[in-house]
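Position 263, counted from 1, in the sequence shown is what the numbering used here calls 265; the numbers after and before it change by one each time, with no gaps.
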Amino acid sequence: MRIAVVGATGMVGEVMLKVLAERNFPVTELIPVASERSVGKEIEYKGKKYKVVGMQTAVDMKADIALFSAGGDTSLEWAPKFAAAGTTVIDNSSAWRMDPTKKLIVPEINATELTAADKIIANPNCSTIQMVLVLAPLHKKYNIKRVIVSTYQSITGTGVKAVQQLENEYAGVQGDMAYKYPIHRNAIPQCDSFEENGYTKEEMKLVRETKKILSDNTIAVTATAVRVPIVGGHSEAVNVEFSNDFDVNEVRNILHHTDGVVVQDNNDTYTYPMPMYAQGKDDVFVGRIRRDESQENTLNMWIVADNLRKGAATNTIQIAEYLIAAKLV
Ligand code: 2RA
3 MRIAVVGATG MVGEVMLKVL AERNFPVTEL IPVASERSVG KEIEYKGKKY KVVGMQTAVD
63 MKADIALFSA GGDTSLEWAP KFAAAGTTVI DNSSAWRMDP TKKLIVPEIN ATELTAADKI
123 IANPNCSTIQ MVLVLAPLHK KYNIKRVIVS TYQSITGTGV KAVQQLENEY AGVQGDMAYK
183 YPIHRNAIPQ CDSFEENGYT KEEMKLVRET KKILSDNTIA VTATAVRVPI VGGHSEAVNV
243 EFSNDFDVNE VRNILHHTDG VVVQDNNDTY TYPMPMYAQG KDDVFVGRIR RDESQENTLN
303 MWIVADNLRK GAATNTIQIA EYLIAAKLV
């Protein structure tokens, strides 16, 4: 497979290259792509060096699949050009996610929706992916009425500049600010910009994308997304109201048998998910599973995942793997 990685020099792009190598993805030719200022830079993949090329050069090379993590504006401009050249694009930005003509895919949930006609495929937002992977089997079993989610999001979701800000604050030096406020010893209740309704774009991604991926607009979702000074991954406190009652042990068993989900839930041994231990892994970890005693048919959970892996790079590559296995590329 001729594979283009668009945004190859960025944080997610670098993880995509790492995951492609780890999973021994069938790459016959790698095309690292980035903005003009990075053209000519060298990246290493499986011990071999590759020169970064620009966007038009990459389009002309007619990759089979292009894995995009280059921001919404770049994707809006260039994904159609790659697609017109016959390349199937899997995009990590929010540009295409809510486009009714584009599929929004978490392979374990809805990869079967994909067809060969899908030339631009949207990868959901990281905080959405980890939540819906846990919610999907429970929705099927108990029918979800409402979700309340509070997120505790890693600064890696913002990018390299945010990580550098935290390191500068640790060191007590002044540098470029990714956020309006200090992040060290702080929690910032704003991820991305605000919308008219007072929610942030990050919160509305959780609201809108959950309904699309689960194919059910009746599900009520509300979210509060918070940035916290950690690097390992995103954590989420999720409260779910079902139409039907449930048994907590049955919930644990359903999740234990769900692909891509690992249950870590034992109060006697202080076993529960934590981002420090999720970092570098592709599973979504769930624990603190307990009935919400304040309301019938309602469950509380704690969900953690590495936002750069299952939340972005790995999910993208799993979509590509599905396309190949299903002979859609
Ligand atoms: C964030 N999910 O964490 C967004 C974008 N990666 O900032």
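C-beta: ideal position from N, C-alpha, C; glycine also.
Using 8 Å for Cβ pairs, my map puts residue i next to residue j. What's the rounded Cβ distance?
{"i": "I67", "j": "A10", "result": "That pair is no contact at about 14 Å."}
{"i": "V286", "j": "V136", "result": "6 Å"}
{"i": "K83", "j": "V61", "result": "5 Å"}
{"i": "S156", "j": "V264", "result": "Actually they are not in contact, since the Cβ atoms of S156 and V264 sit about 19 Å apart, beyond 8 Å."}
{"i": "V14", "j": "P34", "result": "Between P34 and V14 the Cβ distance is about 13 Å, and since that is not below 8 Å, they are no contact."}
{"i": "T260", "j": "D284", "result": "T260 to D284, Cβ: 14 Å. No contact."}
{"i": "K163", "j": "A180", "result": "4 Å"}
{"i": "N170", "j": "G159", "result": "In fact, because the Cβ distance is near 18 Å, the residues do not count as touching under 8 Å."}
For residue i and residue j, I'd like the C-alpha separation in whole angstroms.
{"i": "S40", "j": "D218", "result": "42 Å"}
{"i": "Q167", "j": "A189", "result": "14 Å"}
{"i": "L140", "j": "L116", "result": "23 Å"}
{"i": "E204", "j": "N127", "result": "8 Å"}
{"i": "I150", "j": "E295", "result": "15 Å"}
{"i": "K121", "j": "V175", "result": "46 Å"}
{"i": "N246", "j": "L310", "result": "34 Å"}
{"i": "M3", "j": "V17", "result": "19 Å"}
{"i": "V7", "j": "T212", "result": "27 Å"}
{"i": "G12", "j": "N26", "result": "21 Å"}
{"i": "V29", "j": "I326", "result": "12 Å"}
{"i": "S77", "j": "E24", "result": "26 Å"}
{"i": "K182", "j": "S195", "result": "12 Å"}
{"i": "E298", "j": "Y154", "result": "26 Å"}
{"i": "Y172", "j": "I221", "result": "42 Å"}
{"i": "M57", "j": "I291", "result": "46 Å"}
{"i": "G289", "j": "Y324", "result": "29 Å"}
Can the beta-carbon of residue i be found closer than 8 Å to that of residue j?
{"i": "I123", "j": "I92", "result": "yes"}
{"i": "Q281", "j": "Y274", "result": "no"}
{"i": "A307", "j": "N125", "result": "no"}
{"i": "A113", "j": "T89", "result": "no"}
{"i": "T224", "j": "V209", "result": "yes"}
{"i": "I185", "j": "R229", "result": "yes"}
{"i": "N94", "j": "S129", "result": "no"}
{"i": "I111", "j": "A138", "result": "yes"}
{"i": "I319", "j": "L32", "result": "no"}
{"i": "G235", "j": "P277", "result": "yes"}
{"i": "L69", "j": "A322", "result": "yes"}
{"i": "A85", "j": "L330", "result": "no"}
Shorter than 7 Å, the distance from the beta carbon of residue i to the closest heavy atom of the ligand 2RA, or not?
{"i": "G159", "result": "yes"}
{"i": "S115", "result": "Contrary to the premise, residue 115 reads as Glu rather than Ser in this sequence. E115 Cβ: outside cutoff for every heavy atom of the ligand 2RA."}
{"i": "A93", "result": "According to the sequence provided, residue 93 is Asp. The question's Ala does not apply to it. D93 Cβ: outside cutoff for every heavy atom of the ligand 2RA."}
{"i": "S129", "result": "yes"}
{"i": "N309", "result": "yes"}
{"i": "Q132", "result": "no"}
{"i": "D218", "result": "no"}
{"i": "Q281", "result": "no"}
{"i": "Q167", "result": "no"}
{"i": "E204", "result": "yes"}
{"i": "Q336", "result": "A query on residue 336 cannot be resolved here, the shown segment of the chain reaching from 3 to 331 and no further."}
{"i": "Q155", "result": "yes"}
Strictly under 8 Å for the Cβ-Cβ distance: is residue i near chain B by that measure?
{"i": "A173", "result": "Note that chain B does not occur in the displayed structure, where there is just one protein chain."}
Inset, instruction - Could you tell me whether the segment 246-263 touches the segment 130-148, using the rule of 3 or more Cβ pairs below 8 Å? - result: yes
Inset, instruction - Decide yes or no for the touch test of the segment 233-251 against the segment 293-307: beta carbon pairs closer than 8 Å, at least 3 of them. - result: yes
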